[in-house]
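Protein chains in written order, with the numbering used here: chain V, 123 to 236; chain U, 645 to 754. No residue lacks a Cβ here, since even glycine has one placed at the ideal position from N, Cα and C. Down below is the structure, laid out as structure tokens.
Dropping the structure here:
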């Protein structure tokens with residue numbers, strides 16, 4: 123299995139632009155998580171899905187952030203408009219509930235908003 | 645409020661020694677605790693899970709203890725190697741989410 127796939131790996135954009143991050147979870151996994159990691163705040167959960175349905179989005183910082191999971195093999199995290207304080211590494215992770223509680227993380231997208 | 649605390653200072657040890665990392669938590673009643681490893685520029689990788697009714701768990705050179713009275717987990721790497729150098733994160737399930745500590749950086753020198 124290729125593991126969790128994220129794209130792009132790096133994104134540099136100007137303040138005010140729309141940013142879309144993409145994730146392909148491990149095939150067969152029924153949970154998908156979006157995290158953000160910064161030095162100051164560590165790894166924070168933004169939102170997670172179970173069987174493509176958003177379960178908890180309480181970690182989404184504000185209305186500028188939105189996430190979708192149109193099918194079991196694809197999810198997007200969108201920031202519109204982006205701000206410099208959104209600069210961070212964004213991770214996607216997936217989990218197969220039947221196989222345990224561990225989460226499998228993708229390589230992350232490093233976002234820089236100038 | 646809920647807190648997960650890991651030593652923010654890097655841990656430097658000599659190859660062959662045992663590394664011990666600490667994870668303390670407050671205002672959690674976790675059913676389990678997990679440890680992850682993160683290398684620079686990569687996502688965290690799951691290492692071990694220990695449940696509340698387990699005192700100790702081992703996997704190769706790794707050992708994890710879980711004391712729900714002290715609200716603490718210890719993560720040990722025996723016979724450490726330079727390849728063990730990384731950041732180690734502990735994580736607890738609280739509410740609807742897996743909450744992570746900020747991690748402790750381990751550097752193993754030859």
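(request) Determine, using beta carbons only, whether residue 710(U) comes closer than 8 Å to chain V. (result) In the second chain, counting from the first residue as 1, residue 710(U) sits at position 66. Cβ-Cβ to chain V under 8 Å: no for residue 710(U).
(request) State the Cα-Cα distance for the pair residue 732(U) and residue 711(U), rounded to the nearest angstrom. (result) In the second chain, the residue the question calls residue 732(U) occupies position 88. In the second chain, the residue the question calls residue 711(U) occupies position 67. Going by the C-alpha atoms only, they are around 19 Å apart.
(message) Quick check: is the beta carbon of residue 228(V) nearer than 8 Å to any beta carbon in chain U?
(response) As a first step, residue 228(V) is located in the first chain; it is residue number 106 there, counting from the start. Residue contact check for residue 228(V) against chain U: a CB pair falls below 8 Å.
(request) Return helix, strand or coil for residue 208(V), following the three-state DSSP convention. (result) Position 86 of the first chain, counting from 1, holds the residue named residue 208(V). If DSSP states are grouped into helix, strand and coil, residue 208(V) belongs with the helices.
(message) Is there a Cβ of chain U sitting closer than 8 Å to that of residue 164(V), yes or no?
(response) Working through the first chain from its first residue, we reach residue 164(V) at position 42. Cβ-Cβ to chain U under 8 Å: yes for residue 164(V).
(message) Considering only their Cβ atoms, is the gap separating residue 234(V) from residue 216(V) smaller than 8 Å?
(response) To locate residue 216(V), count along the first chain from 1; it is residue 94. To locate residue 234(V), count along the first chain from 1; it is residue 112. If you check the CB distance, residue 216(V) and residue 234(V) do not come in under 8 Å.
(message) Using a Cβ-Cβ cutoff of 7 Å, what residues of the segment 142 to 168 of chain V are near chain U? List them in chain order.
(response) Result list: 164, 165 and 167.
(message) Under 8 Å, with one C-beta from each stretch per pair, do the segment 680 to 687 of chain U and the segment 696 to 711 of chain U reach the 3-pair mark?
(response) Contact fails between the segment 680 to 687 of chain U and the segment 696 to 711 of chain U, because fewer than three Cβ pairs, one in each stretch, are under 8 Å apart.
(message) Taking the alpha-carbon of residue 684(U) as reference, which of 754(U), 749(U) and 753(U) has the nearest alpha-carbon?
(response) Translated into positions along the second chain, residue 684(U) becomes position 40. Comparing Cα-Cα distances from residue 684(U) to each of 754(U), 749(U) and 753(U), the minimum goes to 749(U).
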